[in-house]
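Participant: If you scroll down you'll find the structure; I have some questions about it.
Numbering (this note's numbering), first residue to last: 48 to 207.
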């Protein structure tokens, strides 16, 4: 799975053989970046390859056959949190597409006293806070795989 760029990430963007076209760029809270000649570009939610392709499209108007390299210098956007009755509660970096089971595994699994059928995923959105239920036993048995959602940056998994 490829890393998805998000707000707060710092990117290195360079255009081969173009002086002055190498910059470190901060991804703004709205997911946008600004780059010379390309202007405003939505970077949030894209891979480095997809962002590079977008920049090539925009720069073609000004530079013949541009070759663009994008890399992530610092990642801060893909943090998720696992709290409660897990062996290693804390903040984790979600690489690529991380689901709830993977996050619980990173947190060392459930403690013996965890209420495995009452796990909650809390997600903040532009319209408010949403909560989804996760029943560990039903997911592991294969009965409710639909509950094993992909986590997004900022999600909190609460294990009571």
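The beta-carbon is built from N, C-alpha and C at its ideal position, and this holds for glycine as well.
Values in this document were obtained by computation on a predicted structure and should not be read as measured data.
1) Residue 189: buried (16+ other C-beta within 10 angstroms of its C-beta) or exposed?
2) Does the segment 132–148 touch the segment 198–207, meaning 3 or more C-beta pairs lie closer than 8 Å?
3) Along the beta strand (DSSP E) that carries residue 151, what are the first and last residues, could you check?
4) For residue 111, tell me which candidate among 50, 102 and 58 has the shortest Cα-Cα distance.
5) DSSP state of residue 176, grouped into three classes?
6) Can you tell me where the beta strand (DSSP E) with residue 126 in it begins and where it stops?
7) Roughly how many whole angstroms lie between the Cα atoms of residue 174 and residue 74?
8) If residue 198 sits next to residue 154, beta carbons under 8 Å apart, how far is it from one beta carbon to the other, in whole angstroms?
9) Let me know if residue 56 comes out buried or exposed under the rule of 16 or more other beta-carbons within 10 Å of its beta-carbon.
10) What's the C-alpha gap between residue 105 and residue 70?
11) With DSSP run on the structure shown, which of helix, strand or coil describes residue 144?
12) Which residues share a DSSP beta bridge with residue 109?
13) So what's residue 157 in DSSP terms, helix, strand or just coil?
14) Could you check how far apart the C-beta atoms of residue 119 and residue 51 are, in whole angstroms? I think they sit under 8 Å.
15) Taking the Cβ atom as the reference point for each residue, do residue 182 and residue 164 lie within a distance shorter than 8 Å?
16) Residues in its own chain within less than 8 Å of residue 187 by CB, not counting five upstream and five downstream?
Facilitator: This is what the structure gives:
1) exposed
2) yes
3) No beta strand (DSSP E) contains residue 151, which is instead part of the alpha helix (DSSP H) from 147–153.
4) 102
5) strand
6) 126–131
7) 22 Å
8) With a Cβ gap of about 12 Å, residue 198 and residue 154 do not count as contacting.
9) buried
10) 16 Å
11) coil
12) Residue 109 pairs with nothing; no bridge assigned.
13) strand
14) At roughly 10 Å, the Cβ-Cβ gap does not stay under 8 Å, so residue 119 and residue 51 are not in contact.
15) yes
16) 148
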